[in-house]
Amino acid sequence: MPNMVAHIYFGKEVLKELPAEIKQICEKYIDAFLYGTIGPDFLFALREIGDPAKRYTNIMQTCRVYETFRSIAKRLCEVKDEREISYAMGLMCHYVADFNIHPYVWFFCEEGFVKDLELLDKPHVHGHIELAFDEYTARELIKDRWYKPAKDLRTSAKTNEAIANFYVGAVNKIVGLDVSKFKIKLAVKVTRFFARVAFDRTGIKKRIFKFLEEKVLHARKLTTSMRPPYGYGEIDYLNFSHKPFRKVRDMDETINLSFPELLEKSKEIAVDYAVKFYEAIKKDGDLEPMGGYEAFKINYEGVTNIKP
Numbered sequence: 006m007p008n009m010v011a012h013i014y015f016g017k018e019v020l021k022e023l024p025a026e027i028k029q030i031c032e033k034y035i036d037a038f039l040y041g042t043i044g045p046d047f048l049f050a051l052r053e054i055g056d057p058a059k060r061y062t063n064i065m066q067t068c069r070v071y072e073t074f075r076s077i078a079k080r081l082c083e084v085k086d087e088r089e090i091s092y093a094m095g096l097m098c099h100y101v102a103d104f105n106i107h108p109y110v111w112f113f114c115e116e117g118f119v120k121d122l123e124l125l126d127k128p129h130v131h132g133h134i135e136l137a138f139d140e141y142t143a144r145e146l147i148k149d150r151w152y153k154p155a156k157d158l159r160t161s162a163k164t165n166e167a168i169a170n171f172y173v174g175a176v177n178k179i180v181g182l183d184v185s186k187f188k189i190k191l192a193v194k195v196t197r198f199f200a201r202v203a204f205d206r207t208g209i210k211k212r213i214f215k216f217l218e219e220k221v222l223h224a225r226k227l228t229t230s231m232r233p234p235y236g237y238g239e240i241d242y243l244n245f246s247h248k249p250f251r252k253v254r255d256m257d258e259t260i261n262l263s264f265p266e267l268l269e270k271s272k273e274i275a276v277d278y279a280v281k282f283y284e285a286i287k288k289d290g291d292l293e294p295m296g297g298y299e300a301f302k303i304n305y306e307g308v309t310n311i312k313p
């Protein structure tokens, strides 16, 4: 699961700009907030273990964005659980970063350097570009090339319980899949373990796993999440050449921002969304004051949803 580094960093930057009331909650339950910044991607663990709910994350991110956030707001308005609220603020950061940056990711996948990749790597170009985002973030923004995302993904038992309650109480019914609290908590732990295994300071792990993938699995798995990606520093993963791409994948407007410019642009939007979402939670859970469907019409992949 690449892109943890960029998402965690982005969430921390947004947190600095949040109003005191929201910041206090997020800092009090910082483990919930930071875990929220990696979004529902941790539930891809269900796919890797062959669970019947393997499409849970895909449905949540692509088909039911507005409905999901509406359900979350209603739940949090009722339960007022600050751990869940902190998690929701992190999740909002993830969503905003995704819908702003994924249009470029997919542009790169379609127009980029797939021809230069090894055969087994070609299906994973999406992962390569997100690894490049992580590598750049660690080196140039965090100023620690060997930053370990797993250290920011440590969660207490109470936070694991809150995350499980969050999905069982607000999201299961929207995506139409009944995932138990046990499986959600298991996915939390598996994802942190995965982040630890994928951290490879020496390059030895990557060489070993690459050999096993080629000789045994005949497919890429873990190495697609090990920094740095193939050709980093040579391939223009970060759009420093400022190629134009669609701002939203199914709309005509184009922009030509680089990855760091997209990240900076997303920060102000994320602060605005977090503040308005928190106000909805405090009041009555109604998202209409922040724009309703219009505020969430672009899904995590940068495509407009069909209005419910």
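Residue numbering for the sequence shown follows my numbering, beginning at 6 and increasing consecutively. Here a beta-carbon is modelled for each residue, glycine too, at the ideal position from N, C-alpha and C. Please read these numbers as outputs of a predicted model, since none were measured by experiment.
- Contact between the region 19-32 and the region 91-105 is present: three or more C-beta pairs spanning the two stretches fall below 8 Å.
- With contacts defined by Cβ atoms closer than 7 Å, Thr-196 and Lys-211 do not form a contacting pair.
- Between the C-alpha atoms of Gly-16 and Asp-241 there is a straight-line separation of about 25 Å.
- Fewer than three Cβ pairs drawn from the region 75-94 and the region 128-144 lie within less than 8 Å of each other, which leaves the two stretches out of contact.
- Taking 7 Å as the cut-off, the beta carbon of Arg-88 is found no closer than this to the beta carbon of Thr-160.
- Taking 7 Å as the cut-off, the Cβ atoms of Ile-147 and Tyr-61 do not count as close.
- Only residues of its own chain outside the window of five on either side were considered, and among them Ile-30, Leu-81, Ile-286 have a CB closer than 7 Å to the CB of Ile-90, listed in chain order.
- A contact is defined here as three or more CB-CB pairs under 8 Å, and the region 249-265 meets this definition with respect to the region 303-312.
- Residue pairing by DSSP places Tyr-237 opposite Ile-240 in a beta bridge.
- A distance below 8 Å between beta-carbons, with the five flanking residues on each side excluded, links Ile-274 to the following residues of its chain, in chain order: Val-101, Asn-105.
- Taking all protein chains shown into account, His-99 has 16 or more neighbouring C-beta atoms within 10 Å of its C-beta and is therefore buried.
- Around the Cβ of Asn-261, a 10 Å sphere holds fewer than 16 other Cβ atoms; the residue is exposed.
- For Ala-155, the CB contacts under 7 Å within the same chain, skipping 5 residues up- and downstream, are Arg-197, Ala-200, Arg-201, Phe-204 in chain order.
- Checking the DSSP bridge columns, you'll see Phe-199 has no partner listed.
- Ile-90 has no beta-bridge partner at all, per DSSP.
- Distance between Phe-264 and Leu-243, taken at the CA atoms: about 5 Å.
- When the alpha-carbon of Lys-248 is set against those of Tyr-109, Val-173, Gly-208, Asp-277, the nearest one is in Tyr-109.
- For Pro-294, the closest alpha carbon among the candidates Lys-302, Ala-175, Glu-284 is that of Glu-284.
- By the C-beta density criterion, Lys-220 is exposed, having fewer than 16 other C-beta atoms within 10 angstroms.
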